[in-house]
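In the UniProt record's numbering, the protein residues as written are 1 to 201.
C-beta: ideal position from N, C-alpha, C; glycine also.
One structure is given below, encoded as structure tokens.
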């Protein structure tokens, strides 16, 4: 039980008007009640808290490193897919475009966009057939790519669907237009997307 001890005796019923500043709390034993202070943090407790903080920092750094690594691994795929689509479109245009006066240089530059066995096969075809025929018959070919779309793209490998319009002129003849679609497979070699397969659909 706690009683109110004031500096003056108060009449009954006047307890509500007591100024808190002039009131002390005493227990029913007559001993003044004092607030019990919160236990001070021991040296061991402080050391544990500091140790937990020091441990949390390396764990946080490790977690951030893992997240960044995952983003670096996954993020580039989207960018690589877009780059592969552009590379496929540009290479397709180069492979199917040439003029009789510059056919050697035109197709030689196109060969530089290829890799693997397809590069060797294309070089042989152009050297043995396309270049001699273009010079002899005065063939001009102009290819354009109205659209291209990524089929799949992974780390260093991509497949792109390319839509091609090709206009061919033989000598003084009328232009002939051909529309087609090609499944282009690319491999990333030396930081460049190079065509490793070229399959008409």
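Limits of the alpha helix (DSSP H) - the one that residue i falls within
i, result
"residue 137", "131-137"
"residue 104", "103-111"
"residue 117", "116-125"
For residue i, the nearest candidate out of the options (CA to CA)
i, options, result
"residue 183", "177, 117, 196 and 138", "196"
"residue 199", "86, 95 and 83", "95"
"residue 128", "103, 180, 171 and 112", "103"
"residue 101", "171, 191 and 178", "171"
"residue 81", "166, 150, 164 and 187", "150"
"residue 223", "180, 178, 159 and 181", "No answer is possible for residue 223: it lies beyond the span of the chain, which begins at 1 and ends at 201."
"residue 178", "167, 186 and 185", "167"
"residue 181", "193, 187 and 165", "165"
"residue 201", "124, 185, 85 and 122", "185"
Assigned secondary structure, residue i (DSSP; H/G/I helix, E/B strand, else coil)
i, result
"residue 200", "strand"
"residue 169", "strand"
"residue 21", "Annotation note: pLDDT 42 at residue 21 (below 50); position unreliable, coordinate value reported separately. Residue 21: helix per DSSP, three-state reduction."
"residue 156", "coil"
"residue 96", "coil"
"residue 150", "strand"
"residue 83", "helix"
"residue 88", "helix"
Residue range of the unbroken beta strand (DSSP E) whose run includes residue i
i, result
"residue 180", "176-189"
Contact set for residue i: own chain, Cβ-Cβ below 7 angstroms, skip 5 residues either direction
i, result
"residue 89", "145, 148 and 162"
"residue 189", "115"
"residue 98", "106, 107, 134 and 141"
"residue 119", "111"
"residue 87", "186 and 193"
Sequence-distant residues of its chain with Cβ nearer than 6 angstroms to residue i (five each side left out)
i, result
"residue 169", "140 and 175"
"residue 204", "In the structure displayed, the chain extends from 1 to 201; residue 204 sits before or after that span and is not available."
"residue 126", "107"
Cβ-based neighbour list, residue i, same chain, cut-off 8 angstroms, excluding 5 preceding and 5 following
i, result
"residue 112", "none"
"residue 133", "139"
"residue 130", "98, 103 and 107"
Cβ-heavy atom distance, residue i to the ligand HEM, below 7 angstroms
i, result
"residue 158", "With respect to the ligand HEM, the structure shown offers nothing to examine, as it has no ligands at all."
Counting pairs of beta carbons, one from the region 140-153 and one from the region 86-102, are three or more of them closer than 8 angstroms? Yes, they touch.
Any contact between the region 150-157 and the region 123-139? By contact I mean 3 or more CB pairs, one from each, below 8 angstroms. No: fewer than three Cβ pairs fall under 8 angstroms.
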